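Participant:
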Amino acid sequence: MILTGAGISRESGLHTFRDADGVWSQVRLEDVATPEAFARDPARVQAFYNARRAQLSSVAPNAAHLALARFDRCFDGELLLVTQNVDDLHERAGSRRMLHMHGELRRVRCTACGLNPAWDGPITTGSACPGCGAVALRPDVVWFGEMPLHMPAIEQALSACDLFVSIGTSGTVYPAAGFVQTASGHALTLELNLEPSEGWTEFDESRHGPATLLVPAFVDELLG
159 MILTGAGISR ESGLHTFRDA DGVWSQVRLE DVATPEAFAR DPARVQAFYN
209 ARRAQLSSVA PNAAHLALAR FDRCFDGELL LVTQNVDDLH ERAGSRRMLH
259 MHGELRRVRC TACGLNPAWD GPITTGSACP GCGAVALRPD VVWFGEMPLH
309 MPAIEQALSA CDLFVSIGTS GTVYPAAGFV QTASGHALTL ELNLEPSEGW
359 TEFDESRHGP ATLLVPAFVD ELLG
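Heads up, my numbering is the position in the sequence shown plus 158, with the first residue counted as 1.
Below, the structure written as structure tokens:
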């Protein structure tokens, strides 16, 4: 099982959230990333995610994304890549055996019928659901206070894996920050991060440096 966070996409030009120059240094999460913020000012929340969605067309997968996609193609054992990222760089690189635990920028969710279609343009306060026609669309992003997606499948993979790798994560956001503890004892655990995460001492091994260097080298090791 492989977990990726914002650090793997930083070298593609997407800001992380918690660094000094990250997203939360520019806007308060309480204003754009909670259900209460959406209820209070849906236009502002939609504008924030519209801008982030539009930014995806100006970035491309980097060597770390491409290396994980190569591993997906070449490894014939069981594999699950779980990303905390809402960008689509893993898919564009070619990864297929993966889940987005925090949702996807290029999808929307209808709060009326539950439809979850692909969506590449802006969402306005008048955008209608292509399924039921209701004006009830929100970003397909897990906000603070909401349950991450696909948790049963993720927990099953954590309990069964023999290798758990965490790439580009801060180690501060739960439940992902606790995945290493779930995997410890029956799996080898490894952190690949620009610098030690909050929970780096929980890992059997921790390697530090740019993801574009560490991840391709590690995939080379795995594929032998």
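For each residue, glycine too, the CB sits at the ideal point set by N, CA and C.
This structure is a prediction, so every number in the text was calculated from the model and none was measured.
What are the boundary residues of the beta strand (DSSP E) that arginine 265 is part of?
Facilitator: 261-268 is the extent of the beta strand (DSSP E) around arginine 265.
Participant: Sort Thr269, Glu304 and Gly303 by Cα distance to valine 293 and report the nearest one.
Facilitator: Checked all of Thr269, Glu304 and Gly303; the closest Cα to valine 293 is Thr269.
Participant: I believe threonine 340 touches leucine 316 by the beta-carbon criterion, under 8 Å. Please report the beta-carbon distance rounded to the nearest angstrom.
Facilitator: At roughly 4 Å, the Cβ-Cβ gap stays under 8 Å, so threonine 340 and leucine 316 are in contact.
Participant: Have a look at leucine 295 and arginine 267 and give me their C-alpha separation to the nearest angstrom.
Facilitator: Spanning the two alpha carbons is a distance of roughly 6 Å.
Participant: How should alanine 218 be labelled, buried or exposed, when 16 other C-beta atoms within 10 angstroms of its C-beta is the threshold for buried?
Facilitator: Exposed: under 16 other Cβ atoms inside 10 Å.
Participant: Considering only DSSP beta bridges, list what valine 300 is partnered with.
Facilitator: Its beta-bridge partners do not exist; DSSP assigns none.
Participant: What distance in whole Å lies between the Cβ atoms of valine 190 and arginine 198, which are believed to be in contact at a cut-off of 8 Å?
Facilitator: With a Cβ gap of about 11 Å, arginine 198 and valine 190 do not count as contacting.
Participant: Is the beta carbon of phenylalanine 229 sitting closer than 8 Å to the one on leucine 352?
Facilitator: Not a contact, by the Cβ cut-off of 8 Å.
Participant: Under the DSSP definition of a beta bridge, which residues are partnered with valine 323?
Facilitator: Beta-bridge pairing links valine 323 to Ile160 and Leu348.
Participant: Go to leucine 372, then tell me how far its beta strand (DSSP E) extends in each direction, as first and last residue.
Facilitator: It is not in any beta strand (DSSP E) - leucine 372 instead sits in the alpha helix (DSSP H) that spans 369-381.
Participant: Can you check whether the CB of valine 338 is closer than 8 Å to the CB of leucine 226?
Facilitator: No, they are not a contact pair.
Participant: Run the CB neighbour count on serine 183, radius 10 Å, all protein chains shown included, and call it buried at 16 or more, exposed below.
Facilitator: Because serine 183 sits at a pLDDT of 43, beneath the cut-off of 50, its placement in the model cannot be relied upon, and the following sentence gives the value as read from the coordinates. Label assigned to serine 183: exposed.
Participant: Which residues in the same chain as glycine 284 place their Cβ atom closer than 7 Å to its Cβ, once the five residues preceding and following it in sequence are excluded?
Facilitator: Cβ neighbours of glycine 284 beyond the five flanking positions: Val293.
Participant: Looking at the structure shown, is alanine 218 part of a helix, part of a strand, or coil, going by DSSP?
Facilitator: The answer is coil: DSSP assigns alanine 218 none of H, G, I, E or B.
Participant: So if DSSP puts valine 240 in a beta bridge, which residue, or which two residues, is it bridged to?
Facilitator: In DSSP, valine 240 forms a bridge with Leu161 and Leu257.
Participant: Assuming glutamate 404 is part of the alpha helix (DSSP H), what are its boundary residues?
Facilitator: The structure shown does not extend to residue 404, since the chain spans only 159 to 382, so no value can be given for it.
Participant: Throw me the rounded Cβ distance for the aspartate 278 and glutamate 262 pair, which I believe falls under 8 Å.
Facilitator: Their Cβ separation, rounded to whole angstroms, is 11 Å, which puts aspartate 278 and glutamate 262 out of contact at 8 Å.
Participant: Could you spell out the range, first to last residue, of the alpha helix (DSSP H) harbouring histidine 173?
Facilitator: Element bounds for histidine 173: n/a, residue is neither H nor E.
Participant: In the DSSP assignment, find the alpha helix (DSSP H) that holds serine 328 and state where it starts and stops.
Facilitator: Looking at the DSSP string, serine 328 is not in any alpha helix (DSSP H), and its letter there is neither H nor E.
Participant: Let me check one thing: in DSSP terms, what residues is serine 342 bridge-paired to?
Facilitator: Paired residues: Ala345.
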